[in-house]
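2 protein chains.
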Amino acid sequence: MTASASGPASNPTDPERDPNPAATTARTPKSERTREQIVAAALRLFREQGYQGTTMRAVAASAGVSVGNAYYYFSSKEELIQGFYDQMVTDQTAACVEVFAASTDFAARLRGALLAWLDAADPYHEFAGRFFATAAQPDNPLSPFSRASSPARDSSIALYRELIDGSSVTVGAELSATLPELLWLYQLGVVLYWVHDSSPGTTRTRLLIEHTVPMISRLVRLSRLPVIRPLSRQTAELVGLLRGR
Amino acid sequence: MTASASGPASNPTDPERDPNPAATTARTPKSERTREQIVAAALRLFREQGYQGTTMRAVAASAGVSVGNAYYYFSSKEELIQGFYDQMVTDQTAACVEVFAASTDFAARLRGALLAWLDAADPYHEFAGRFFATAAQPDNPLSPFSRASSPARDSSIALYRELIDGSSVTVGAELSATLPELLWLYQLGVVLYWVHDSSPGTTRTRLLIEHTVPMISRLVRLSRLPVIRPLSRQTAELVGLLRGR
DNA sequence: ACTGGGTTTCGAACACGTTCAAAACAACGG
DNA sequence: CCGTTGTTTTGAACGTGTTCGAAACCCAGT
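Chains as they are written, first to last, in the numbering used here: chain A, 595 to 839; chain B, 595 to 839.
Here you go:
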């Protein structure tokens, strides 16, 4: 990690280099090919040698390009991780089609969605630690809250919207709008735990899911109770307040 | 960041170099002096130039030692951050003495404790991002959940125990044991938000506190209600289950 | 004083992420 | 074909975190 010479914010003019992040479509000519080769090589090496163990020189060599060329497409090593991120959302969404078709029970659907994420992420468990660490940095474009990852975030939230709407549960009016976002936050928490989970087969995380899903489900149902209603309202307000960074 | 040559776990035998982390006591001879000079220089530079902007060479020079010597005491640049961490807990605890003396109202005390943390951490806001990022790494000794930071964690949890016990609130039996730990987790969440908060004067974080403290307070009181009790119990169980990593 | 072993300090050397100026290539108008 | 202009590719060079073998220092035991 090299310091950025002078000021804090490095490049003053940033005229958007990235052509298009659309998944597999070959938008621009076949430079898209090179890009894919690089990200593929990176993910493979990350899986095999971990994040730290993978050098940019190795990625470039493995992709059959020069180091400089890798940097032409990805402005840093961290940015290569976006590939991983995208793949997670894609895989989870795909797996959820089946899950959602199987049951309308809220808890079952929530459980399924989380397990789907876990399955998709499993091969990258070791390297995910490094990933979420860098992603946790505020200014970092990879942060789950950042501008740059809003497409991934939005589609993840949309997934939870679908999870709720297709389920048999009735959500109180106050929470209805914000519940998907809350569930997304909950998933973030589970992921955070998973990252730290070194138990064989990530048993602990699965335990966490088995135990928390019923609690969430119960909470959602309770949210309509008169005693709880103010809390629901406050929660919804809070989310609204804190959003829009 | 250099790769660790061969396997994932680097050094096979790790015969504990660190003499003793006790705060300011000059335990071993006056090598302790050097250590302090280094950490002081580091914190100062971090504050002035940020984490990235501070080079190990600069830290060493500013402390009047050689680069190699700095590495004799701290095995990495990240490890220098422990100094920051320790200072936070110390400052917060000190400030809370006054806060706790001033009121027995649960919400007031909780609010005060959080604001105390905020005040202590404020000068390091920019650099805190980098800090928590690396701290978020599972294997990292700086992780708030790790073995290495258990003293800091324990004393933080103890602080919350005191906060509760000295307050006028009555906690349900099920939650009583685990509530301090839960509050510590809550604080972790606030800190996480603070790290990402770029509003002037960290207004947003203060808003978050003003809004969530009453909610927490309400939740704690509700925790004894018959409808909620099972949830409290489950929560307590969960914490017990997941602890003991 | 001298010796020997431990601790502390040094700074050159290394590996890696990143940058940059220039070369190679592609596309197109004459 | 030849220039011109824009895109892609290259690899040497730079700055930084980190390592390592050797020097300097300290201090008890003789």
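Even glycine gets a Cβ: it sits at the ideal position worked out from N, Cα and C.
Of all residues in the segment 655 to 680 of chain B, none places a beta-carbon less than 8 Å from a beta-carbon of chain A. Taking 7 Å as the Cβ-Cβ cut-off, the segment 742 to 756 of chain A has no residue approaching chain B.
At least one beta carbon of chain A lies nearer than 8 Å to the beta carbon of residue 798/B. At a beta-carbon threshold of 8 Å, none of the residues of chain A lie near residue 640/B; the nearest stands roughly 13 Å away. DSSP places residue 730/A outside both helix and strand once states are collapsed to three, so it counts as coil. Where residue 666/B is concerned, the enclosing alpha helix (DSSP H) starts and stops at 661 to 667. Our two residues, residue 808/B and residue 627/A, have alpha carbons roughly 54 Å apart in a direct line.
About 6 Å separates the Cβ atoms of residue 699/A and residue 762/A, confirming a contact at the 8 Å cut-off.
Here residue 774/B is buried. Its C-beta has 16 or more other C-beta atoms within 10 Å.
Judged by DSSP in its simplified three-state form, residue 815/B adopts helix.
In this structure, DSSP gives residue 810/A a helical state, which the three-state scheme calls helix. Here DSSP, grouped into helix, strand and coil, assigns residue 698/B to coil. In this structure, residue 636/B lies away from residue 662/B, with their beta-carbon atoms at least 8 Å apart. Using a CB distance cut-off of 8 Å, residue 762/A does not count as an interface residue toward chain B. DSSP places residue 628/A inside the alpha helix (DSSP H), whose first and last residues are 625 to 647. Against chain B, the CB of residue 809/A has a partner CB under 8 Å away; the residue lies at that interface. Around residue 635/A, no beta-carbon contact reaches into chain B at under 8 Å, the shortest distance being about 17 Å. Your pair residue 705/B and residue 803/B checks out as a contact, with CB atoms roughly 6 Å apart and the cut at 8 Å. Counting C-beta pairs closer than 8 Å gives three or more between the segment 723 to 737 of chain B and the segment 718 to 738 of chain A, which meets the contact rule.
For the pair residue 794/A and residue 624/B, the Cα-to-Cα distance works out to about 45 Å.
Separation of residue 660/B and residue 629/B (C-alpha to C-alpha, rounded to the nearest whole angstrom) is 12 Å. Taking a Cβ-Cβ threshold of 7 Å, the residues of chain A close to residue 726/B are 730, in chain order.
Residue-level contact check: residue 815/A does not touch chain B, since none of the beta carbons of chain B fall below 8 Å from its beta carbon. By the neighbour-count definition (other C-beta atoms within 10 Å, threshold 16), residue 769/B is a buried residue. When 836/B, 639/B, 682/B, 821/B are compared, the shortest CA-CA separation from residue 788/A is found for 836/B. Interface residue (Cβ-Cβ distance to chain B less than 8 Å): residue 806/A is classified as such.
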